[in-house]
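Visitor: Before I ask anything, here is the structure I am working with.
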Amino acid sequence: MTAAALDAHVVVARSRFTVDVELEVPAGGTLAVMGPSGAGKSTLLQALAGLVRLDAGAIRLGGDLLAGGPSGVHRDPAARGISLLGQDPRLFPHLSVRENIAFGPRARGVAARAARADAEVWLERVGLAGTGELAPDALSGGQQQRVALARALAVEPRLLLLDEPLTSLDVATAAEIRVLLRAQLATTGVTSVVVSHDAADAVGIAERLVIVEDGALVQEGAVAEVLAAPRSRFAAAVAAAHRFDGEADSGQTGPQDRPRA
Numbered sequence: 001m002t003a004a005a006l007d008a009h010v011v012v013a014r015s016r017f018t019v020d021v022e023l024e025v026p027a028g029g030t031l032a033v034m035g036p037s038g039a040g041k042s043t044l045l046q047a048l049a050g051l052v053r054l055d056a057g058a059i060r061l062g063g064d065l066l067a068g069g070p071s072g073v074h075r076d077p078a079a080r081g082i083s084l085l086g087q088d089p090r091l092f093p094h095l096s097v098r099e100n101i102a103f104g105p106r107a108r109g110v111a112a113r114a115a116r117a118d119a120e121v122w123l124e125r126v127g128l129a130g131t132g133e134l135a136p137d138a139l140s141g142g143q144q145q146r147v148a149l150a151r152a153l154a155v156e157p158r159l160l161l162l163d164e165p166l167t168s169l170d171v172a173t174a175a176e177i178r179v180l181l182r183a184q185l186a187t188t189g190v191t192s193v194v195v196s197h198d199a200a201d202a203v204g205i206a207e208r209l210v211i212v213e214d215g216a217l218v219q220e221g222a223v224a225e226v227l228a229a230p231r232s233r234f235a236a237a238v239a240a241a242h243r244f245d246g247e248a249d250s251g252q253t254g255p256q257d258r259p260r261a
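Going by UniProt numbering, the residue at position 103 of the sequence shown is 103; the numbering climbs one at a time, nothing skipped.
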């Protein structure tokens with residue numbers, strides 16, 4: 001796949017406020033977006049994916065205008081070269097694991113045999129070799145999310161959008177998928193934007209972090225820089241939680257040793 005830089009100014013009016021956020025992600029880079037519930041993060045991703053129309057601004061991917069601009073372009077979501085992965089894998093229950101991954105390439109004209117062969121390669125890459133014949137409901141939640149990731153990347157997207165992809169998983173499984181996700185992003189070189197409530201996702205996956213509150217970008221920078229010098233109450237809470245999780249106490253037993261709820 002060919003990496004594409006994202007240059008976006010998303011303006012979408014909502015009932016409580018207007019989402020007005022500018023994002024730049026270099027080709028092959030990963031940007032994390034964090035903010036309190038209702039801050040406009042999902043609206044931002046939906047606008048990038050083409051599921052929500054812009055009220056102003058513009059979205060360019062690899063220099064191509066996908067939305068907005070002087071003529072008010074709105075390219076169809078299926079024609080943007082973008083994959084969206086959420087916390088629900090949304091696998092097709094009537095298709096096998098292999099056919100789920102092959103579905104996208106086949107819809108784009110890839111021959112069935114080639115698409116299925118590529119699906120097997122993806123299953124091996126995400127640690128699920130030998131599961132191709134199974135139905136999705138035969139897999140655990142973490143395994144289903146691995147299949148969903150493979151399906152999202154099998155179409156060779158120019159941009160991968162991740163909306164709280166680890167939220168529904170237990171802590172141990174989320175950690176495993178986070179490592180897998182980072183490895184696959186590095187291997188494929190796909191440009192990506194990940195929305196999350198967990199600083200571990202930003203630290204473990206992204207190079208840069210933006211904080212969005214009430215539809216506005218309040219802080220941006222390298223992940224470590226933002227967490228080291230937060231500029232809002234929310235950012236400070238995120239930074240404090242991340243430092244709390246990383247404490248060790250030389251064998252002493254205390255509150256810092258307990259996992260977060």
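Glycine included, C-beta positions come from ideal geometry on N, C-alpha and C.
(1) Look up Pro255 in the DSSP assignment and say whether it is helix, strand or coil.
(2) Please work out which residues of its chain come closer than 8 angstroms, Cβ to Cβ, to Gln87, disregarding the five sequence neighbours upstream and downstream, and give them in chain order.
(3) Write down the C-beta distance between Ala206 and Val190 rounded to the nearest angstrom, noting that I regard them as a contact closer than 8 angstroms.
(4) What residue range does the beta strand (DSSP E) around Leu159 cover?
(5) Can you grab the Cα-Cα spacing for the pair Thr30 / Leu6, in whole Å?
(6) So, for Pro36: in the same chain, excluding its five sequence neighbours on each side, which residues have a beta-carbon less than 7 angstroms away from its beta-carbon?
(7) Restricting to runs no shorter than 3 residues, where is the beta strand (DSSP E) found entirely within the segment 87-175?
(8) Considering only residues of the same chain and omitting the five flanking positions on each side of Pro157, which have a CB-CB separation below 8 angstroms?
(9) Could you tell me the boundaries of the beta strand (DSSP E) in which Val195 lies?
(10) Ala13: buried (16+ other C-beta within 10 angstroms of its C-beta) or exposed?
(11) Suppose you measure from the CA of Gln184 to the CA of Ala200; what does that come to, to the nearest Å?
(12) How many whole angstroms separate the CB atoms of Arg60 and Leu66, which I take to be in contact at a CB cut-off of 8 angstroms?
(13) Considering Cα atoms alone, identify which of Thr43, Asp198, Pro230 is closest to Asp170.
(14) Below 8 angstroms between beta carbons: does that hold for Ala172 and Asp118?
(15) Just confirm the distance between the C-beta atoms of His9 and Ala49, as a whole number of angstroms; I'd bet it's less than 8 angstroms.
(16) Report all residues from its chain with a CB closer than 7 angstroms to the CB of Arg75; omit the five preceding and five following residues, and keep chain order.
(17) Could you tell me the alpha carbon to alpha carbon distance between Val25 and Gly221, rounded to whole angstroms?
(18) Can you check DSSP and say which residues form a bridge with Ala222?
(19) Report the rounded CA-to-CA distance for Ser250 versus Val11, giving the unit in angstroms.
(20) So the beta strand (DSSP E) Leu23 belongs to, where does it begin and stop?
(21) Are the CB atoms of Leu44 and Val21 within a distance shorter than 8 angstroms?
(22) For Val238, tell me which candidate among Met34, Ala4, Arg178, Ala107 has the shortest Cα-Cα distance.
(23) Just mark Ala148 as buried or exposed, buried being the case when its beta carbon has 16 or more other beta carbons within 10 Å.
(24) Does the beta-carbon of Val19 have 16 or more other beta-carbons within 10 angstroms, so that it is buried, or is it exposed?
(25) Helix, strand or coil for Ala229? Go by DSSP, reduced to three states.
Guide: Quick answer:
(1) Unreliable placement is indicated for Pro255, whose pLDDT of 38 sits below 50; the coordinate value is still reported in the next sentence. DSSP places Pro255 in the helix class (H, G or I) of the three-state scheme.
(2) Asp163, Glu164, Pro165, Leu166, Thr167, Ser168, listed in sequence order.
(3) Your pair Ala206 and Val190 does not check out as a contact, with CB atoms roughly 13 angstroms apart and the cut at 8 angstroms.
(4) Element bounds for Leu159: 159-163.
(5) Roughly 10 angstroms separates the two Cα atoms.
(6) Glu213, Phe234.
(7) Counting only runs of 3 or more, we get 159-163.
(8) Here the set comprises Met1, Gly81, Ile82, Ser83, Val190.
(9) Boundaries of the beta strand (DSSP E) harbouring Val195: 191-195, taken from the DSSP string.
(10) When all chains shown are included, Ala13 counts as exposed.
(11) Each residue's Cα considered, the two are about 17 angstroms apart.
(12) Their Cβ separation, rounded to whole angstroms, is 7 angstroms, which keeps Arg60 and Leu66 in contact under 8 angstroms.
(13) Asp170 has its Cα closest to that of Asp198, out of Thr43, Asp198, Pro230.
(14) No, the Cβ-Cβ distance between Ala172 and Asp118 is not below 8 angstroms.
(15) Contact flag wrong, Cβ pair sits at about 16 angstroms.
(16) Non-local C-beta neighbours of Arg75 in its own chain, meaning closer than 7 angstroms and more than five positions away in sequence, comprise Gly50, Leu66, Ala67, ordered along the chain.
(17) Going from the Cα of Val25 to the Cα of Gly221 covers about 12 angstroms.
(18) Bridge partners of Ala222 according to DSSP: Arg208.
(19) Annotation note: pLDDT 41 at Ser250 (below 50); position unreliable, coordinate value reported separately. About 49 angstroms.
(20) Element bounds for Leu23: 18-25.
(21) It is a contact, given that the beta carbons lie within the stated cut-off.
(22) Residue Met34 is the option with its Cα nearest to Val238.
(23) Buried, by the Cβ-count rule.
(24) Buried: at least 16 other Cβ atoms inside 10 Å.
(25) Here DSSP, grouped into helix, strand and coil, assigns Ala229 to coil.
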